[in-house]
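In full-length UniProt numbering, the protein residues as written are 1 to 202.
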Amino acid sequence: MNPEKVRCQIIEYTKHEMYLHGADGLTMDDIAKGMKMSKRTLYKLFPSKTCLFRICLSDFTNGIRSCLKQSQMRMDSSCMQVLFATVNGYLTLLHSLGKTLLLDIAANEDYSASFKREEAFWLQQFIDVLTHCKICGYLLPGVDPDRFAADLQEVIYQSCLQGTPYVVQQALNHTLLRGLFEVDGIRYIDEHLKLDKFNVCV
């Protein structure tokens with residue numbers, strides 16, 4: 001079989017197992033057995049567990065970013081639509097990883113360093129789109145985009161760690177964001193921004 005095809009199959013299988021068992025609960029032996037291949041073959045393609053897991057984490061994040069970009073391209077130029085889609089994209093990423101894996105990432109220096117860069121990317125996305133909404137005059141006067149973006153990210157992250165179901169967290173985020181806007185913005189949200197419009201990669 002084509003080595004690149006085998007490589008892709010291993011990555012997809014490992015991502016699924018990482019979601020179920022986390023990083024600490026999964027070994028290269030487990031992956032080799034699950035893929036019905038020798039450890040030698042596995043190590044030829046991925047020299048270490050850390051290497052394989054980093055690639056899988058990158059694949060998780062790149063997939064969500066790609067879906068978000070496609071979702072945004074289908075929307076009009078409304079900054080509010082972009083805000084809701086971006087927040088839901090971050091939520092989708094966390095739920096794609098799962099609570100167990102998120103806890104393992106936080107406890108492992110090798111994985112947490114990479115994930116911190118991903119967190120920084122999403123924080124900047126939040127700040128940029130909230131700032132755009134403020135410039136357009138949609139946000140309430142007291143909302144500080146930088147501060148709220150950081151708080152919002154932390155609330156979503158902690159909620160995922162607590163095991164809050166995706167649809168529940170999505171509804172809570174929708175309600176929270178709705179409270180940021182002036183009356184005209186709330187009216188627009190209620191008329192045009194339905195929850196099912198932002199199911200990014202789910």
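Built from N, CA and C at the ideal position, the CB exists for glycine as well.
From a predicted model like this one, the values you see are computed outputs, not experimental measurements.
Applying the 10 Å Cβ sphere with the 16-neighbour rule, what's the burial state of residue i?
i	result
T27	exposed
S71	buried
P3	exposed
H16	exposed
A120	exposed
K116	exposed
K49	buried
E182	exposed
V82	buried
F84	buried
T41	exposed
C51	exposed
E191	exposed
C133	buried
residue 222	Outside the displayed range of the chain (1 to 202) lies residue 222, so it cannot be described from this structure.
C160	buried
Is the CB-CB distance between residue i and residue j below 8 Å?
i	j	result
L101	A23	yes
N62	Q170	no
L123	L180	no
F60	S38	no
L103	Y157	no
I11	M35	no
V6	L45	yes
K99	G163	yes
Ignore the nearest five residues each way along the sequence and tell me which others in residue i's own chain have a CB closer than 6 Å to its CB.
i	result
G137	none
L130	P145 and A149
V143	L180
D110	T50
T86	Q125 and V129
For residue i, which beta-bridge partners are listed by DSSP?
i	result
C139	It is Leu, not Cys, that sits at residue 139 in the sequence shown. Per DSSP, F181.
Below 8 Å CB to CB, which residues in the same chain sit around residue i once its five sequence neighbours on both sides are set aside?
i	result
L176	L152 and V155
I55	I11 and F46
S114	R54, L57 and S58
Which same chain residues, not among the five before or five after residue i, have their C-beta less than 7 Å away from its C-beta?
i	result
A106	S112
R178	I186 and I189
N108	A23
E118	T61
State the CB to CB distance for the pair residue i and residue j, rounded to an integer number of angstroms; the pair is presumed to be in contact (CB under 8 Å).
i	j	result
M18	F53	7 Å
Please tell me whether residue i has its Cβ less than 8 Å away from any Cβ of chain D.
i	result
E119	No chain D appears in this structure, which consists of one protein chain only.
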